[in-house]
Amino acid sequence: MKLTSFTDYSLRVLIYLATRPGRRATIGEIAAKFSASENHLTKVVHFLGTEGVLATVRGKGGGLGLARPPQDIVVGDIVRRTEGEAMPAECFGSGGGCAIAPCCRLRGVLGEAVEAFYAVLDRYTLEDLVANRDQLDAILRISEMPVPATTELRA
Numbered sequence: 254m255k256l257t258s259f260t261d262y263s264l265r266v267l268i269y270l271a272t273r274p275g276r277r278a279t280i281g282e283i284a285a286k287f288s289a290s291e292n293h294l295t296k297v298v299h300f301l302g303t304e305g306v307l308a309t310v311r312g313k314g315g316g317l318g319l320a321r322p323p324q325d326i327v328v329g330d331i332v333r334r335t336e337g338e339a340m341p342a343e344c345f346g347s348g349g350g351c352a353i354a355p356c357c358r359l360r361g362v363l364g365e366a367v368e369a370f371y372a373v374l375d376r377y378t379l380e381d382l383v384a385n386r387d388q389l390d391a392i393l394r395i396s397e398m399p400v401p402a403t404t405e406l407r408a
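Counting in our numbering, the sequence shown runs from 254 upward without gaps.
See below:
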């Protein structure tokens, strides 16, 4: 199963923020670290904010941070939210038109594979993904970034 770039960047944003919990970041800062489009990350951040995963502070000293502790954010949940309904083949959609659909067993096999995929992702939290915080920070150099003035984050 291939994840969309939207899911990929959603996970990158969350990993970035979880590397140094309690520290806010800007979309521009994250975009620069991952060589990503700020416009694309703006959509990702907006979505994660509406889903209650990110909290934001507007204005001077603002930024974004996690709305919940990393150990409470399940990777499978994030992937389900960002990917939408799993569609590993045409027969999973409302359309179709496959000649063998009435007797094809592939749909069941692929459905089982999708369940297994999510079962693995559901075993991990964002905290698990950043257990190597020091290594991530050494690459992303988050601890060297200026810290915005303290202001309460809001979900």
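All C-beta atoms, glycine included, are put in the ideal place defined by N, C-alpha and C.
Element boundaries [beta strand (DSSP E), containing Val310]: Segment 307-310, the beta strand (DSSP E) holding Val310.
Residue-level contact to chain C via CB, Arg358, 8 Å cutoff: Of the protein chains in this structure there is only one, and it is not chain C.
Neighbourhood of Thr403 by C-beta, 7 Å cutoff - its chain only, sequence neighbours within 5 removed: Low per-residue confidence applies at Thr403: pLDDT is 46, beneath 50, and the placement is therefore not dependable enough to give any value.
Rounded distance between the beta-carbons of Ile268 and Leu382, thought under 8 Å: By a beta-carbon distance limit of 8 Å, Leu382 contacts Ile268. Their separation comes to about 6 Å.
Val373, DSSP secondary structure in three states: In this structure, Val373 counts as helix in the three-state DSSP scheme.
Proximity below 8 Å, CB of Ile331 to CB of Leu264: A contact, by the Cβ cut-off of 8 Å.
Segment limits, alpha helix (DSSP H) that includes Leu382: Membership of Leu382 in the alpha helix (DSSP H) is indicated by the continuous run 379-382.
Separation of Glu336 from Phe259, as counted between CA atoms: Looking at the two C-alpha atoms, the distance is approximately 8 Å.
Inter-stretch contact (C-beta, 8 Å, three-pair minimum) for the segment 351-367 and the segment 299-317: By the Cβ test, the segment 351-367 is not in contact with the segment 299-317, since fewer than three Cβ pairs between them sit closer than 8 Å.
For Gly364, the three-state DSSP class (helix, strand or coil): Residue state, collapsed to three classes: helix.
Within 8 Å, strictly: CB atoms of Ser321 and Ile395: Strictly speaking, residue 321 in this sequence is Arg, with Ser absent from that position. No.
Straight-line gap, Gly281 to Glu291 (C-alpha atoms, nearest Å): Computed Cα separation, rounded: 6 Å.
Nearest-angstrom Cα separation, counted from Ala289 out to Glu405: Since pLDDT at Glu405 reaches only 49, below the 50 mark, its modelled position is unreliable, and no value is offered.
Neighbourhood of Thr242 by C-beta distance below 8 Å, restricted to the same chain and skipping five residues each side: Residue 242 lies beyond the residue range present for the chain, which begins at 254 and ends at 408; the question has no answer from this structure.
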